[in-house]
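Chains as they are written, first to last, in the numbering used here: chain A, 1 to 432; chain B, 433 to 864.
2 protein chains.
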Amino acid sequence: MNRQARPFAALSAVELAQAIHAGDLDPETLARACLDRIAEREPLLKAWAYLDPAEVLRRARELAKRPSLGPLHGVPVAIKDVIDTADMPTDHNSPLYNDHRPGADAPCVETLRAAGALIIGKTETTEFAAAGRNPCTRNPHDATRTSGGSSAGSAAAVADGQVPLALGTQTGGSTMRPASFCGAYALKPTWGTVSREGVKLYSLSLDTVSWYGRSVADLDLVAAVFGIGAEPVPPPPVAGLRIALCRSPEWQVTEPSMRAAFDRAGRALGELGAGISMLDLPDAFSRLSAAHKVILFSEGRAAFLNLYRNRYDLLHEDFRHRVENRDGFSNEDLVAAYDLSAQCRMAFDGIAADYDAILTPSAPGEAPVGTGPGNPALNQIWTLLHVPCVNLPLWRGESGLPLGLTLTGPRFADRRLLGVARAIEAALAPEM
Amino acid sequence: MNRQARPFAALSAVELAQAIHAGDLDPETLARACLDRIAEREPLLKAWAYLDPAEVLRRARELAKRPSLGPLHGVPVAIKDVIDTADMPTDHNSPLYNDHRPGADAPCVETLRAAGALIIGKTETTEFAAAGRNPCTRNPHDATRTSGGSSAGSAAAVADGQVPLALGTQTGGSTMRPASFCGAYALKPTWGTVSREGVKLYSLSLDTVSWYGRSVADLDLVAAVFGIGAEPVPPPPVAGLRIALCRSPEWQVTEPSMRAAFDRAGRALGELGAGISMLDLPDAFSRLSAAHKVILFSEGRAAFLNLYRNRYDLLHEDFRHRVENRDGFSNEDLVAAYDLSAQCRMAFDGIAADYDAILTPSAPGEAPVGTGPGNPALNQIWTLLHVPCVNLPLWRGESGLPLGLTLTGPRFADRRLLGVARAIEAALAPEM
């Protein structure tokens, strides 16, 4: 690997891990490079909720001294600040958790540490990864624009070359949308494959731990660490791949720039020999967005009850809304939403079995101006279907900002889908 | 209320809360009575994992001094030791969590405190409420016998008159089975109605926070505190109730004493004018026990991965089994189990709509000798169906030990089912 020729910020987690493993790079040097990049960019981008550079360097030196713990040895990983860390506060971007110190790492963090990861700091998030306060993070490509929500800091830090990997979460579109806006690779794995213990609860049926990387191989590396699937799936040839272009029932929110990127992607893959077809989902799927909201708000009612009862004064109006059930969702509404979701999960696995991957927009368009989270409409139904979603950040819009497309497939097809994503990345990335 | 005539240990949470509210009882006196009873019985029964009497009394005096916080003001509640408490260790009965101090209360505990509850201590549990180490708790009715698992200490402490209320959890049969063995009232509410944050994760699809009380009204009081349903449902007349007797697909594990109690219950309700019918569930339900195991073990694989990777030496063989997937469950098995469960949930809600309640055994028979958890076969399918389950501890077996029957109904029928349970309790309890 010709590391000298490229700055650290351009290298993937896989490349950095290999360099450390080969003895070409030591964890402290890498940590310093990340900290330098962060120091340079943080005043503009505000991706970090907590960072202690001295402690990061101390841990990097510790890792440098010991034999490799695993495939992430010495690789810096940022953690979204709704995920518990034993040695750093977990504030959830909420005045209710100022400098909150959980007693232990969330299992997902502990698993990364066991693989040798250098947990570098906590990244900005929408309050409780749910609603309430927006993150203050700016878009790495244009600081007047948002990095999205809720995993704002993690997406921006990875896309900006501050860290090679970061954990996020997704309940609606909290991973994929920021990935599209910032131009980061991301995986929201199949629901239930990574422990959600020690991660702020919003919706049991939807909350999913996810991650960002600098390449599809980076996403696969972390999937392997979490024990998802047995082996990496080698990228198949693009020629012959069966790719479905799915406009999704929420296509009406897409902007011309995204529609153009979507068309370009289909054309490019077709020209490379992939079999391209258009996929219209059955009518029932058009009711999934409404079902998502019923489940989100109803489960959120239970999730925030304790804060409503005990800390009402500091609880954001958005969460009071959930607990008071101001939308008036009934138990019958909730049961209907659960059952529709279950039926669509079964139907979708059958539909998706006919393709190697389904391609669909990750966001309506380029990142909007401001710090709002952006519209999650294009992500929610996939979260509700529990299916794996890979963001490929290979396109650009009219303003030159990133546009991402989501690659999805049946439940538990994560590693196979990552193989297909690698093939598409290799075929299309050089053109972008 | 004629409190003087009955010992504290015989009073329900509702009666105690009313006495405190009326100024007839102060929280410290009640706390002392509980502590005295615990001190007397603990050497024999071993229900407590953590108890600090001086701290309990200090908090009781604090509660005595302030205006009522809510419906549980001054009422002692025990907490199963897999649920986080800010002021007490949470050991999970695991060598991996010796004297572990979480940084905050689990939301379910915080909600109880906000209602005025006096959190009195932590109760013994099966390791992680899952497998591994058994609790050391003995049965209050016969110390040579088990109190069941995993919520052993909570069930025994309530049944033994040590505390009026206790939190448990259920993933298989961890609430209902100990309730049956010990003779406690219990509610496993509909999945998702109470926040599971801060409760040790085993299975996302199954884990449910639950509780024990000394009467059905006690269960309803706690359901109200957790915001389940809008109002208490008044007990309907028993005459005219439509009761289904369901042997369950796991009937073959029942013992003669349970079969006799089941028959007696049906006869007694019939004699009181209830419409009794036998309910045979469709064939698909006979596959739910196997589906439960696939989901439990597969989700457990993700739940214990961090401990497997980081603390292998102290991790019980049972959890290594889950993480290594020694049963070889495939993703296809897991998807099939999820989908079967979803289909049976829909079907069961339809079936249950024809009845006011469905009655089914809570355990195979009386508590067995030893400290084993007992067989959860009769509880698992209801947990998997996500439906509310009330244990009525109104029967006795040949050895004079308690036998419980489960009252169940459709998802979210919790409060209505508690109304029916109150009617049955009032009609049958005096005869027992």
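Don't be surprised by glycine CBs; every beta carbon is placed ideally from N, CA and C. As the structure is a computational prediction, the values presented were derived from the model and not from experiment.
- Classified as exposed, V801 (chain B) has fewer than 16 neighbouring CB atoms from the shown chains inside 10 Å of its CB.
- Unbroken alpha helix (DSSP H) runs of no fewer than 4 residues, entirely contained in the segment 175-250 of chain A, are found at 176-182, 216-225, following chain order.
- Nearest C-alpha to V77 (chain A) among A:A413, A:E332, A:P140, A:L112: A:L112.
- With fewer than 16 other Cβ atoms from the protein chains shown falling within 10 Å of its own Cβ, L476 (chain B) counts as exposed.
- In this model, S195 (chain A) and I358 (chain A) are separated by some 26 Å (Cα to Cα).
- When the alpha-carbon of E798 (chain B) is set against those of B:S689, B:R490, B:A588, the nearest one is in B:S689.
- Within the segment 809-840 of chain B, no residue has its Cβ closer than 8 Å to any Cβ of chain A.
- Here T371 (chain A) is buried. Its C-beta has 16 or more other C-beta atoms within 10 Å.
- If you draw a straight line from the Cα of Q170 (chain A) to the Cα of Y202 (chain A), it comes to about 10 Å.
- Rounded to whole angstroms, the gap between the alpha carbons of I381 (chain A) and T686 (chain B) is 44 Å.
- Looking at A:A22, A:E425, A:L405, A:R415, the one whose alpha-carbon comes closest to that of R177 (chain A) is A:L405.
- Around R214 (chain A), the same chain offers S12, P164 as residues with beta carbons nearer than 6 Å, after the five sequence neighbours per side are excluded.
- In this structure, DSSP gives L711 (chain B) an extended state, which the three-state scheme calls strand.
- Pairing E250 (chain A) with A656 (chain B), the inter-Cα distance amounts to about 38 Å.
- For T111 (chain A), the C-beta contacts it makes with chain B under 7 Å involve L737, N738, R741, in order along the chain.
- Going by C-alpha positions, Y212 (chain A) is about 9 Å away from N391 (chain A).
- Taking 8 Å as the CB threshold, T171 (chain A) stays off the interface with chain B.
- Interface flag for H748 (chain B) against chain A is unset, since no Cβ pair is found closer than 8 Å.
- With a threshold of 16 other beta carbon atoms within 10 Å, N139 (chain A) meets it and is buried.
- Looking at A:G116, A:A352, A:G23, A:S286, the one whose alpha-carbon comes closest to that of S248 (chain A) is A:S286.
- Partner residues in the beta bridge of Q170 (chain A), as assigned by DSSP, are A:T208.
- Scanning the segment 440-492 of chain B for uninterrupted alpha helix (DSSP H) segments of 4 residues or longer gives 445-453, 459-477, listed from N- to C-terminal end.
- Residues of the segment 176-194 of chain A with a Cβ closer than 9 Å to any Cβ of chain B, in chain order: T190, W191, G192, T193, V194.
- Taking the Cα of L281 (chain A) as reference, the smallest distance to any Cα among A:S298, A:C136, A:P364, A:A244 is reached at A:A244.
- Beta-bridge annotation (DSSP): N375 (chain A) is not paired with any residue.
- Here A492 (chain B) is near G506 (chain B), since their CB atoms are less than 8 Å apart.
- In terms of Cα proximity to A858 (chain B), the closest of B:A706, B:A451, B:Y529, B:V648 is B:V648.
- Residue burial is scored here from C-beta neighbours: R345 (chain A) has at least 16 other C-beta atoms within 10 angstroms and is therefore classed as buried.
- Where P567 (chain B) is concerned, there is no enclosing beta strand (DSSP E), because DSSP gives it neither an H nor an E.
- As summarised for the segment 483-541 of chain B, the continuous alpha helix (DSSP H) elements at least 4 residues long and confined to that stretch are 485-497, given in chain order.
- Between P503 (chain B) and A449 (chain B), the CB-CB gap stays under 8 Å.
- As the crow flies, the alpha-carbon of P388 (chain A) is around 18 Å from that of S150 (chain A).
- Close to M346 (chain A), with beta-carbon spacing below 8 Å, are these residues of chain B in chain order: D771, A774.
- Contact annotation: in the segment 506-535 of chain B, residues whose CB is within less than 7 Å of a CB in chain A are H532, R533, P534, G535.
- In the same chain as V420 (chain A), and ignoring 5 residues on each side of it, the C-beta atoms closer than 6 Å to its own belong to D356, A357, in chain order.
- Around the C-beta of M520 (chain B), 16 or more other C-beta atoms lie within 10 Å, and the residue is accordingly described as buried.
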